[in-house]
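Read the structure below first, then the notes.
In the numbering used here, the protein residues as written are 777 to 897.
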């Protein structure tokens, strides 16, 4: 049986530090996902975090995630309002179903891209 290869730890302690802005993006994706269960309030908290910390992520790869999350929130709000207003016409239920699927898709796609260290596309 062979011994596993020993790989020394990185000598630069700064590179081992977690990326705080990446962690914020993770938190916002989680808040967006939780918004389905708590009436959207956590989605609002998430977008506030995005706007407050946007300057901290300016010109980094995480900025694309923040903009992706902000866009997801506002387009979601717009179509949710349209869906609620049109529910008496029955089409609103389909709009709400469609926007729910779209938001879930955006959260999953963005979170997977973040996990891979890439910008969402």
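Glycine included, every Cβ here is placed at the ideal spot set by N, Cα and C.
Just so we're clear, the structure is a prediction, and the values are computed from it rather than from any experiment.
Report task. Put residue 858 into one of helix, strand or coil per three-state DSSP. Result -> helix
**Request:** Between the Cα of residue 871 and those of 796, 839, 819, 855, spot the shortest distance and give me the residue it belongs to.
**Result:** 855
Original post:
Looking at the structure shown, is residue 870 part of a helix, part of a strand, or coil, going by DSSP?
Top reply: helix
key: residue 810 versus 895, 884, 874, residue with shortest Cα-Cα distance   = 884
- What's the C-alpha gap between residue 824 and residue 886? 18 Å
Report the rounded CA-to-CA distance for residue 848 versus residue 865, giving the unit in angstroms. 25 Å
Residue 897, DSSP secondary structure in three states: coil
* Tell me which same chain residues have a C-beta within less than 8 Å of the C-beta of residue 795, skipping the five on either side of it? -> 838
Checklist line | Nonlocal neighbours in the same chain, by C-beta distance under 7 Å from residue 826, ignoring five residues either side | finding: 804, 842, 845, 846
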